[in-house]
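For reference, the structure discussed in these notes is given below.
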Amino acid sequence: MSDHPASLQNERILPARLALRSDMLNLALIAVLLVLPFLLGGSWVFSLGLCFANAIGVLSVSVLVRYGGEVSIGHTFFAAVGAYSVAVLDTRYGLSVLFSLPLALALGVVSGIAFAWPSRKLSGIYLAVSTMALALAVPELINNMDGLTGGYEGLYVATPAVPGIPMGLQRYYVALLVLAAAVYGVSRLRNSRQGLVLLLSKTHPAAADAFGTRQVWARVAVMGISGGIAALCGAMLGFAGSTVSPSGFTFWSAIFLLVGSVVSFYGLTLWRALLGGAFLTLVPQLLSSSGAWIPVFYGVALLAMILAGHYLPRLRAIAAKRKGDE
Amino acid sequence: MSDIFRDLFPLLWSGMITGCLYALGALGLVMIFKSSRVVNFSHGNVAGFAAFLIYGFSSGALMQLSWGAAVLLAILAVIAIACLTYAVIAPLVFESDLTATIATLGIGLIAQGATLLIFGADIVSLDLPVPRFGMSVLGLFITGYDLTVLAVAVITIAILFFVVDFTKLGVAFRAISVNPFAAEVCGLNLRSVHLFSWIVAAVLGVVGALLIVPTTFLSVTTVASFMLQAFAAAVIGGFASLPGALVGGILIGVLMNLFTFYVSPEFSSTFLLGVILLALNIFPNGILARVGGSRV
Numbered sequence: 543m544s545d546h547p548a549s550l551q552n553e554r555i556l557p558a559r560l561a562l563r564s565d566m567l568n569l570a571l572i573a574v575l576l577v578l579p580f581l582l583g584g585s586w587v588f589s590l591g592l593c594f595a596n597a598i599g600v601l602s603v604s605v606l607v608r609y610g611g612e613v614s615i616g617h618t619f620f621a622a623v624g625a626y627s628v629a630v631l632d633t634r635y636g637l638s639v640l641f642s643l644p645l646a647l648a649l650g651v652v653s654g655i656a657f658a659w660p661s662r663k664l665s666g667i668y669l670a671v672s673t674m675a676l677a678l679a680v681p682e683l684i685n686n687m688d689g690l691t692g693g694y695e696g697l698y699v700a701t702p703a704v705p706g707i708p709m710g711l712q713r714y715y716v717a718l719l720v721l722a723a724a725v726y727g728v729s730r731l732r733n734s735r736q737g738l739v740l741l742l743s744k745t746h747p748a749a750a751d752a753f754g755t756r757q758v759w760a761r762v763a764v765m766g767i768s769g770g771i772a773a774l775c776g777a778m779l780g781f782a783g784s785t786v787s788p789s790g791f792t793f794w795s796a797i798f799l800l801v802g803s804v805v806s807f808y809g810l811t812l813w814r815a816l817l818g819g820a821f822l823t824l825v826p827q828l829l830s831s832s833g834a835w836i837p838v839f840y841g842v843a844l845l846a847m848i849l850a851g852h853y854l855p856r857l858r859a860i861a862a863k864r865k866g867d868e
Numbered sequence: 004m005s006d007i008f009r010d011l012f013p014l015l016w017s018g019m020i021t022g023c024l025y026a027l028g029a030l031g032l033v034m035i036f037k038s039s040r041v042v043n044f045s046h047g048n049v050a051g052f053a054a055f056l057i058y059g060f061s062s063g064a065l066m067q068l069s070w071g072a073a074v075l076l077a078i079l080a081v082i083a084i085a086c087l088t089y090a091v092i093a094p095l096v097f098e099s100d101l102t103a104t105i106a107t108l109g110i111g112l113i114a115q116g117a118t119l120l121i122f123g124a125d126i127v128s129l130d131l132p133v134p135r136f137g138m139s140v141l142g143l144f145i146t147g148y149d150l151t152v153l154a155v156a157v158i159t160i161a162i163l164f165f166v167v168d169f170t171k172l173g174v175a176f177r178a179i180s181v182n183p184f185a186a187e188v189c190g191l192n193l194r195s196v197h198l199f200s201w202i203v204a205a206v207l208g209v210v211g212a213l214l215i216v217p218t219t220f221l222s223v224t225t226v227a228s229f230m231l232q233a234f235a236a237a238v239i240g241g242f243a244s245l246p247g248a249l250v251g252g253i254l255i256g257v258l259m260n261l262f263t264f265y266v267s268p269e270f271s272s273t274f275l276l277g278v279i280l281l282a283l284n285i286f287p288n289g290i291l292a293r294v295g296g297s298r299v
């Protein structure tokens, strides 16, 4: 599997004017999200908090696809690492998310590298199947470390980040803040020297070799970055969702993260990440009365987005040609 | 010490029996991968759906048919699903195999949802109509089920290898797996060979599902989780090698059996992950990459 999804080909830097416009759009979006809790009810605020957390997870999968050219079905592992660092520090030591978030990020990066190292020679399907096995191992590991993780019952996250503010609002705003920070960090990566090196290593491995970038290093670095973002997702799932249990990190959660990433067309912008996150959070809520429809809906959505990604450019080309003929 | 050896041979035997089933699943995955470079993540869910169909057709939940007729009908249904699946992802296959692979995840989700919608989340049991007997041979306890599995697996795999080695379709299949472009230039129709491999894989999946279900109960996830070992088997055997899938399947069956007995049944997925990573590091292209990988 040497090629990459077709929608990934246009890796180019936006012209300054367009970049400014997208900055304005992002700021407007964040401004709307900042005032939203004052207009909506408590349950909506809670769901949106989870939606931000899932958006970070979608972002982490997309980063791996965009910078590594690889697909992961195992990002729940890194998310679980993040979630349990928040939950364990909270229930054991009473430390708030302010302390556990940096730890979650660090552990996510470390575990990303730890997984990437033995799998450094793998790519395409071999890596996908390895990550699948990783996702399968997660619930098992959590359940068997029940002294630390609370086993099946899970842990409850209750320590506020800032004392004095209602917990419901904190769960919302902290998740939003971390999402915004993650998107900002990823956008900085795009124009940084490091990001360009990683992209070169993906698209032109021989050229990257000539410039002295080792493939193994690029693979490990991308996995580390992606694992770190996924750990932030897990940390926010724990903080915004208030409970952390193995049922949140199953094989299916890993597939849904991938589905969210495909639905957002592997986009790394705030809009795209939110679209994927909303898809993962709000669809199960809408379909909550008919559980069996959830997999069907996700499956159809996944196929529809992939086929749209395939046919839309062609249709557009045909339409453009028609216009040209007239 | 003697205790360990007393357990060892029965464990190896039962591991080999399960391994044959993993091999059937893995062969289906490899068939599809060899021809179209797509990893079919819907394999387990579709085979599980077929097992439920057989249950539905033979138990009176949907229809009241004899076991044989139910199997035949389910196989026809699965062939139809395979054709439909290929029709959906066919436009993606030549563009990006990774995209096509992700699309099969979508098909798998739909198959799982359809199983849930039609049959519910209940656990049912589905038996094979084989004589129940057991005999002791050299300290091994061999049951009618074991022999059935072994016989069916050997016959199925023999037919498959015969078809691939000696028939015109098999030659076309091998040609395409080596060099699709040259094969197309020589006038082979890639689509029809792809479709052939999808149909064969689907039938292999149903056979595997039918044989695995009697050892456990049938639930929505039974066959899908069983197919995960088949993925490991295919990876270890080298995803593009049919004999590799066979060897990988038996290897995984035996290793998993030994591990769950001697170490712990609770860490089996973690063990599987370890085996995959280790095997791929030592043999990046599968264990049979050099020995016989290029034969079939």
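Same order as they appear, the protein sequences are chains A and B.
Each step along the first sequence adds one to the number in the numbering used here, with nothing skipped, and position 155 is 697.
Each step along the second sequence adds one to the number in the numbering used here, with nothing skipped, and position 27 is 30.
Heads up, the beta-carbon is just placed ideally off N, CA and C, and yes, glycines get one too.
None of these values were measured; they are calculated from a predicted model.
Discussion item. According to DSSP, simplified to helix, strand and coil, what is B:G369?
Written reply: As displayed, chain B neither begins before 4 nor continues past 299, which places residue 369 of chain B out of reach and without an answer.
Discussion item. For a contact defined as C-beta to C-beta under 7 Å, what are the partners of A:W759 on chain B?
Written reply: The contacting residues do not exist; A:W759 stays about 17 Å from chain B at best.
Practice prompt. Please decide whether B:I105 counts as near chain A, where near means a Cβ-Cβ distance under 9 Å.
Written response: Answer yes: the Cβ-Cβ gap between B:I105 and chain A drops below 9 Å somewhere.
Worksheet item: So with Cβ pairs under 9 Å, would you call B:E269 a contact of chain A?
Response: B:E269 counts as touching chain A.
Practice prompt. Look up B:I145 in the DSSP assignment and give the residues it is bridged to.
Written response: Paired residue(s): B:M138.
Worksheet item: Cβ atoms of A:F657 and A:L631: under 9 Å apart, would you say?
Response: Note that the C-beta distance between A:L631 and A:F657 is not below 9 Å.
Fill in: Range covered by the alpha helix (DSSP H) that runs through A:P644
Per DSSP, A:P644 belongs to the alpha helix (DSSP H) from V639 to A658.
Fill in: Length of the line joining the Cα atoms of A:L550 and A:E612
Residue confidence is low: A:L550 scores 42 on pLDDT, short of 50, so the model does not pin down where it sits. Its coordinate-derived value is still stated next. A direct Cα-Cα distance of roughly 12 Å separates A:L550 from A:E612.
Discussion item. Is there a C-beta anywhere in chain A that falls below 9 Å from the one on B:G47?
Written reply: Chain A, which has no Cβ nearer than 9 Å to the Cβ of B:G47, makes this no.
Discussion item. For a quick check, are the C-beta atoms of A:G650 and A:G610 less than 9 Å apart?
Written reply: For A:G650 and A:G610, no; Cβs fall outside 9 Å.
Worksheet item: How about B:P287: is its C-beta nearer than 9 Å to some C-beta of chain A?
Response: It does: the Cβ of B:P287 has a partner Cβ on chain A nearer than 9 Å.
Worksheet item: Just the Cα atoms here: how many angstroms apart are A:F641 and A:Y635?
Response: Each residue's alpha carbon lies about 11 Å from the other.
Worksheet entry | Cβ-Cβ distance between B:V238 and B:L258 below 9 Å | No. Outside cutoff.
Worksheet item: Buried or exposed: where does B:Q115 fall if 16 or more other Cβ atoms within 10 Å of its Cβ makes it buried?
Response: By the neighbour-count rule (16 or more Cβ atoms within 10 Å), B:Q115 is buried.
Item to complete: Would you kindly report the start and end of the unbroken alpha helix (DSSP H) that includes A:I848?
Response: Where A:I848 is concerned, the enclosing alpha helix (DSSP H) stretches over W835 to D867.
Item to complete: Identify the contact partners of A:A622 in chain B, using a Cβ-Cβ distance below 7 Å as the criterion.
Response: What A:A622 touches in chain B: nothing, since even the nearest Cβ is about 13 Å away.
Worksheet item: Using a Cβ-Cβ cut-off of 7 Å (strictly less than) and excluding sequence neighbours within five positions of B:N260, which residues of its own chain qualify?
Response: Take B:N260, set aside five residues on each side of it, and the residues of its chain with a beta-carbon closer than 7 Å to its own are L14, S17, G18 and T21, in chain order.
Fill in: Sub-9 Å separation of B:V96 and B:V49 beta-carbons
Not in contact: B:V96 and B:V49 (Cβ atoms no closer than 9 Å).
Item to complete: Using beta-carbon positions only, say whether A:I836 and A:L844 come within less than 9 Å of one another.
Response: The answer is no: Cβ separation not under 9 Å.
Worksheet item: Does the distance from the CB of B:A227 to the CB of B:G31 come in under 9 Å?
Response: Taking 9 Å as the Cβ cut-off, B:A227 and B:G31 do not qualify as a contacting pair.
Item to complete: Give me the Cβ distance between A:R608 and A:Y808, rounded to the nearest whole Å; I'm assuming they're in contact under 8 Å.
Response: About 6 Å separates the two Cβ atoms, so the contact holds.
Discussion item. I need the straight-line Cα distance from B:F122 to B:L65, nearest angstrom please.
Written reply: Answer to the nearest angstrom: the Cα atoms are 9 Å apart.
Worksheet item: Between which two residues does the alpha helix (DSSP H) harbouring A:Q736 extend?
Response: Counted as a single uninterrupted DSSP element, the alpha helix (DSSP H) harbouring A:Q736 occupies residues R735 to T745.
Fill in: Inside the region 36-98 of chain B only - beta strand (DSSP E) runs reaching at least 3 residues
Counting only runs of 3+ residues, no beta strand (DSSP E) is found wholly inside the region 36-98 of chain B.
Practice prompt. Using 8 Å as the cut-off, classify the Cβ of B:I35 as near or not near the heavy atoms of the ligand GTP, replying yes or no.
Written response: What this structure holds is no ligand at all, so the ligand GTP is not there to describe.
Worksheet item: Taking Cβ-Cβ distances shorter than 8 Å, what residues in chain B pair up with A:N686?
Response: Per Cβ cutoff of 8 Å: E269 and F270.
Worksheet item: Within 9 Å (strictly less), CB to CB, does A:V838 reach chain B?
Response: Yes, A:V838 lies at the interface with chain B (some Cβ there is under 9 Å from its Cβ).
Practice prompt. Using a Cβ-Cβ cut-off of 9 Å, state whether A:W813 counts as contacting chain B.
Written response: Using a Cβ-Cβ cut-off of 9 Å, A:W813 does not count as an interface residue toward chain B, since no Cβ of chain B sits closer than that to its own.
Fill in: Contiguous alpha helix (DSSP H) assignments of at least 4 residues, all confined to the region 248-286 of chain B
Segments of the alpha helix (DSSP H) lying fully in the region 248-286 of chain B: 271-285.
Discussion item. Using the three-state DSSP reduction, which class does A:Y698 fall into: helix, strand or coil?
Written reply: In the three-state DSSP reduction, A:Y698 falls in the strand class (E or B).
Worksheet entry | beta strand (DSSP E) segments (min. 3 residues) lying fully within the region 675-730 of chain A | Counting only unbroken stretches of 3 or more residues, no beta strand (DSSP E) element lies wholly within the region 675-730 of chain A.
Worksheet item: If you measure from the beta carbon of B:I113 to each beta carbon in chain A, is any gap under 9 Å?
Response: So, interface residue.
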